[in-house]
Structure formats: C-alpha cells, structure tokens
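Enquirer: Residues in the sequence shown are numbered from 2 upward in steps of one, following the working numbering. The beta carbon of each residue, even a glycine, is placed where N, CA and C say it ideally should be. Source: prediction; values computed, not measured.
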Amino acid sequence: MSTWYSKFLVIINEELSPYTVGLLLILFLTYYYRKSVSSEFRRLFPLLIYWPISEFVGIATRREYVSNTHVHHVYTVVYYLLLIYYFYPLLKAEKGMKFYFIASSILLFAFTVLNAMLFQPFMVAMPTNAIMFHCLFILVIALFSFKQMLANPIPTLLRYKSQFWISTGLLIFNSWVFFFFALHAYFLRIGGDYPRSFLNIPSIFAFVMLLLFLLAFWAEVKTNQFRHEHSAK
Numbered sequence: 002m003s004t005w006y007s008k009f010l011v012i013i014n015e016e017l018s019p020y021t022v023g024l025l026l027i028l029f030l031t032y033y034y035r036k037s038v039s040s041e042f043r044r045l046f047p048l049l050i051y052w053p054i055s056e057f058v059g060i061a062t063r064r065e066y067v068s069n070t071h072v073h074h075v076y077t078v079v080y081y082l083l084l085i086y087y088f089y090p091l092l093k094a095e096k097g098m099k100f101y102f103i104a105s106s107i108l109l110f111a112f113t114v115l116n117a118m119l120f121q122p123f124m125v126a127m128p129t130n131a132i133m134f135h136c137l138f139i140l141v142i143a144l145f146s147f148k149q150m151l152a153n154p155i156p157t158l159l160r161y162k163s164q165f166w167i168s169t170g171l172l173i174f175n176s177w178v179f180f181f182f183a184l185h186a187y188f189l190r191i192g193g194d195y196p197r198s199f200l201n202i203p204s205i206f207a208f209v210m211l212l213l214f215l216l217a218f219w220a221e222v223k224t225n226q227f228r229h230e231h232s233a234k
C-alpha cells in the first residue's frame, strides 16, 4: 500500500499541471458535495470519479511501461457508458434517444473491440478510430441536450444549470478532438508533417472541458443554495 501511495505522490509531484490539479479538484468536490447536490447531478459522479482516476492510471502506466494505450481502449467505452448513465433520465423523453443510447453503446463497444483486434492493437496502438466514433456519439448527445434545454425553458438562468455547462464542455472538447484525429489521420495517410504544437490540441481542450465541468459544480451548488433559501422561507 505504501509503495502505491509513494508512487502516487511522485506522479503528482512530477506531473503537476493545471490539468492534474483540476482533476484532483474534481475528485475533492465530488466527495465534498456528495450529499448536498441534486440526485440528477449525482448521476454524473461515477464519471467524475472514473475520469481523473483513469487519467492518473494512464500517467502511471506510461511511466512504468512506456505504453498506456490499453487504458485509452477501455476509457473510450467506459466513459461513454457513464455519460449515458447521466444523460439517460434527462433525454429519454426525446424522440429516438432511448434507441440511440442502446444502439450507440453496442456499436461503440463492438467497434472498439474489432478495432483493437484488427487495426489498432490493444497494448501498442492508440485507438484513434474508436475515439473518433466516441466523439461523434457524444456530440449527438450534447446537441440533443441543448435541444432539450431550449424546448423546455427553466425559470433560472442557463448559467445556473449544470447540464448547460456539461453539454458545452462535451461539445467543445469532442468536436475539436474529432477534428484533431481526423487531421492526424490525413497527415499520416499523405506522409506529411505537422507542427509539434499540433499535438497539444487534445490537452488544451481537455483542460477547457475540465474548467466547464467545474463551472457545472458551481452552478449546481448555487442552484441548491437558492432552493434551500426559498424552502426555508
């Protein structure tokens, strides 16, 4: 146990960045507000716990074994399923969404497995093909989420609705990551070169999404404070 704890401290010390600090903050807020947020928002907690842990496992695996591609293969499917767990009660009334959740989950799982077996091996290759499908499926969910919010106006401002910030983060991050991997595949196909700064795009937008998820926490806390104040009157 002490060995794992010491390794974790080394990773935190050497990999410390605004992004890793944000991930730790996500874990802390998930624990701190576990009883004081709405049941709707608590459905996001499994994802908020899995996301940072998966990132840190990926960092530790890369340091220990050089390759951490298997972490990304698993992450592609698990993250999507946890996202559906959050969005299902919010969007199930939208026409066709129940079928979409089931069909997209099956398709993503099947494609990720086949991709790992035939094209991008589990232990040695990043599952960029599966990630692109993952991003497209999430973009559809984010767009339907905005459609649902616009069709069902709420009495509070959008900035106080956690669903708005979560959907915004998902839309921005996944659209750019899809663009990044599509362009990356194009460069590989034509044998062209690209600037090294190009490789920083996913990290930059992952940090943007993290900030928007933190805003979702802020919105949720503010909304619950407002509810408690009015219920106390």
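Residues in the same chain with beta-carbon distance under 8 Å from D194, minus the five sequence neighbours each way, listed in chain order, please.
Expert: Same-chain partners within the cutoff: F188.
Enquirer: Secondary structure at K162, three-state DSSP: helix, strand or coil?
Expert: In the structure shown, K162 sits in coil (DSSP, three-state: anything other than H, G, I, E or B).
Enquirer: Can you list the beta strand (DSSP E) stretches of 3 or more residues lying completely in the segment 75-147, in chain order?
Expert: Qualifying beta strand (DSSP E) stretches: none in this window.
Enquirer: Kindly indicate which residue of V141, F138, Q121 has the alpha-carbon position closest to the one of A186.
Expert: Checking every option, the nearest Cα to that of A186 belongs to Q121.
Enquirer: Give the DSSP-derived three-state secondary structure of Y34 in the structure shown.
Expert: Reduced to three states, the DSSP call for Y34 is coil.
Enquirer: How would you call F218, buried or exposed, if buried means at least 16 neighbouring beta carbons within 10 angstroms?
Expert: Under this definition F218 is a buried residue.
Enquirer: Report, in whole angstroms, the separation of the C-beta atoms of S106 and L82, which I expect to be a contact under 8 Å.
Expert: Yes, S106 and L82 are in contact; Cβ-Cβ is about 6 Å, under 8 Å.
Enquirer: Give me the Cα-Cα distance between E41 and Q164, rounded to the nearest whole angstrom.
Expert: Cα-Cα distance, rounded: 10 Å.
Enquirer: Could you pull out every residue in the same chain whose Cβ sits closer than 8 Å to the Cβ of N130, ignoring the five residues on either side in sequence?
Expert: Closer than 8 Å at the Cβ level, and outside the excluded window around N130, lie F112, N116, F120, Q121.
Enquirer: With a threshold of 6 Å on Cβ separation, who are the neighbours of V75 within its own chain once the five nearest residues in sequence on each side are excluded?
Expert: Closer than 6 Å at the Cβ level, and outside the excluded window around V75, lies no residue.
Enquirer: Thinking just about the alpha-carbon of each residue, which of R190, L91, F180, V178 is nearest to the one in N153?
Expert: Residue L91 is the option with its Cα nearest to N153.
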